[in-house]
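UniProt numbering numbers the first residue of the sequence shown as 1 and each following residue consecutively.
To start, the structure itself, in structure tokens.
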Amino acid sequence: MLRDWLVTTSQPEETQRLGACLGNFLQAGDVVLLYGPLGAGKTHFAQGVARGLRVESPVTSPTFTLVAEYEGRVPLIHMDLYRLYDDAEASEPILTPESLVQIGFDDYLDGDGVVLIEWGRGVEADLDNYLSVSIDYAKFDEPSDDGVTTRQIAVEAIGEMAQRRLWEWVVAWA
Ligand SMILES: Nc1ncnc2c1ncn2[C@@H]1O[C@H](COP(=O)(O)OP(=O)(O)OP(=O)(O)O)[C@@H](O)[C@H]1O
Ligand SMILES: [Mg+2]
């Protein structure tokens with residue numbers, strides 16, 4: 001089974017296509033965690049996933065609402081946990097159980113949707129099946145103009161179902 005994948009995109013549209021490629025076959029119960037610094041492309045990726053799930057309404061990051069729900073081939077639950085941490089950028093950021101109860105986290109996980117979580121580091125320990133997608137600016141040895149729109153995307157699959165999805169995704173992207 002495939003656990004890791006490194007892929008590069010060179011344009012915002014390509015990051016959306018990569019997300020759509022995954023969204024095409026995500027199923028209810030699948031969880032995707034999305035990481036990356038400000039402006040890396042998390043929202044572009046999420047918009048692609050939504051497209052692959054046949055979501056028609058526009059998708060933005062639910063920074064203030066924490067959770068947004070969209071209708072699609074299966075429902076898409078899009079969470080942004082950033083505001084629930086004292087320090088979201090810490091290496092092991094801590095979420096209080098109360099804050100998760102407050103947003104109804106467990107109900108969403110047991111529900112009938114695909115759950116896409118931005119800044120999900122603090123819930124990883126509670127999950128046994130998920131894809132984590134980390135988007136970052138490409139680091140080049142030599143500064144080059146090409147670097148401006150290149151993104152390195154590191155995917156990790158935890159659990160058997162996630163590894164199956166990763167395999168399907170890699171094959172479909174090839
Ligand atoms: N290969 C690429 N993939 C995605 N976005 C890219 C790429 N190259 C350039 N960009 C640009 O980077 C920005 C990514 O914005 P986006 O809102 O998706 O990032 P984000 O990670 O959600 O940021 P934030 O943390 O502020 O929510 C956009 O301006 C986009 O045009
Ligand atoms: Mg965003």
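For each residue, glycine too, the CB sits at the ideal point set by N, CA and C.
Is residue i helix, strand or coil when you go by DSSP?
| i | result |
| --- | --- |
| residue 216 | There is simply no residue 216 to check, as the chain begins at 1 and stops at 174 in what is shown. |
| Thr15 | helix |
| Arg151 | strand |
| Val31 | strand |
| Tyr85 | coil |
| Ala50 | helix |
Figure out for me which residue from the options has the closest Cα to the Cα of residue i.
| i | options | result |
| --- | --- | --- |
| Glu13 | Met1, Gly36, Gln47 and Trp5 | Gln47 |
| Ser61 | Thr43, Glu71, Tyr82 and Gly52 | Thr43 |
| Arg51 | Tyr137, Arg73 and Glu92 | Arg73 |
| Tyr85 | Leu18, Gln163, Pro97 and Tyr130 | Pro97 |
| Ser99 | Pro37, Tyr82, Phe45 and Gly113 | Tyr82 |
| Leu109 | Val32, Ala172, Thr15 and Asp136 | Val32 |
| residue 175 | Trp119, Trp173 and Leu6 | Within the shown structure, residues of the chain are numbered from 1 to 174, placing residue 175 beyond reach of any answer. |
So does residue i have its beta carbon nearer than 8 Å to some heavy atom of ligand 1?
| i | result |
| --- | --- |
| Leu100 | no |
| Thr65 | no |
| Val32 | no |
| Leu84 | no |
| Ser61 | yes |
Within 8 Å: the Cβ of residue i and any heavy atom of ligand 4?
| i | result |
| --- | --- |
| Leu53 | Absent from the structure shown: ligand 4. Ligands present: ligand 1 and ligand 2. |
Would you check whether ligand 2 has a heavy atom nearer than 8 Å to the C-beta of residue i?
| i | result |
| --- | --- |
| Glu89 | no |
| Thr43 | yes |
Near residue i, what residues of its chain come up, given a Cβ to Cβ distance below 6 Å and the 5 sequence neighbours on each side ignored?
| i | result |
| --- | --- |
| Phe45 | Thr15 and Gly19 |
Checklist entry - Can you list, in chain order, the stretches of the alpha helix (DSSP H) that have 4 or more residues and sit fully within the segment 87-172? => result 97-103 and 105-109
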